[in-house]
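Reviewing the structure listed below.
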Amino acid sequence: MVNWTFWNRPDPMNRPAGGVTLLEATGDTTFSRDRRGVAAVEFALALPIMLILMIGSAETTEALNYKRKVNQVAISVADLVAQAESVTKSDMTDIMYASGLIMEPYSAAKLKVIVASIEFDAKGVAKVAWSINESGGTPWTKGAKPPVNIPDGLS
0 MVNWTFWNRP
10 DPMNRPAGGV
20 TLLEATGDTT
30 FSRDRRGVAA
40 VEFALALPIM
50 LILMIGSAET
60 TEALNYKRKV
70 NQVAISVADL
80 VAQAESVTKS
90 DMTDIMYASG
100 LIMEPYSAAK
110 LKVIVASIEF
120 DAKGVAKVAW
130 SINESGGTPW
140 TKGAKPPVNI
150 PDGLS
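Its first residue numbered 0, the sequence shown is counted upward by one per residue in numbering that gives the first Met the number 0.
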């Protein structure tokens, strides 16, 4: 329950030196004491902030779900390729198809997947043995230095 006597009491701190406010002098005191629209004004001020927070949390959740799906694709493709003794082009087609299924309900149209085998020669220099991307092409040149940083302890 609201204590309406609090709102109806005169506030001596807001009174001018003569003790009468401008509204009281003109006789229009009901406007200054009418508090019926306070909740609506407070809601109108808080609504944009609440909407920004709601939409922001929805977009953040969507981005985190998308990131999780991309991580699942990377883990699954690496796991499937690493388990095989040898990988044929047909196997890679199936693996790339599976990566698109993992991405659902998101589109895999912008997903770029490159699977590569890197070999080290007797001197420990890394060279590309083979590579394949999601469209079946060879994005890295065979025998060239890989375009990624290889950690020192792997050679």
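Quick reminder that beta carbons are idealized off the backbone N, C-alpha and C, glycines included.
Minimum C-alpha distance to residue i - residue among the options
i	options	result
residue 152	131, 141, 57, 124	124
residue 137	147, 59, 43, 114	114
residue 117	87, 141, 70, 51	141
residue 78	65, 62, 95, 59	95
residue 107	34, 68, 61	68
residue 127	121, 56, 145	145
residue 66	48, 150, 104	104
Residue j beta carbon less than 8 Å from that of residue i
i	j	result
residue 89	residue 72	no
residue 131	residue 102	no
residue 133	residue 110	yes
residue 156	residue 147	In the structure as shown, the chain starts at 0 and stops at 154, and residue 156 therefore has no counterpart that could be examined.
Delimiting residues of the beta strand (DSSP E) encompassing residue i
i	result
residue 132	125-132
Bridge partner(s) assigned by DSSP for residue i
i	result
residue 118	126
residue 48	According to DSSP, which records beta bridges pairwise, residue 48 is partnered with nothing at all.
residue 113	132
Residue i - containing alpha helix (DSSP H), residue span
i	result
residue 97	88-102
Test: residue i CB closer than 8 Å to a CB of chain B
i	result
residue 129	In summary, chain B is missing from the structure at hand, where a single protein chain is found.
Contact test: residue i Cβ vs the ligand GTP heavy atom, cutoff 7 Å
i	result
residue 49	Among the components of this structure there are no ligands whatsoever, and the ligand GTP is therefore not found.
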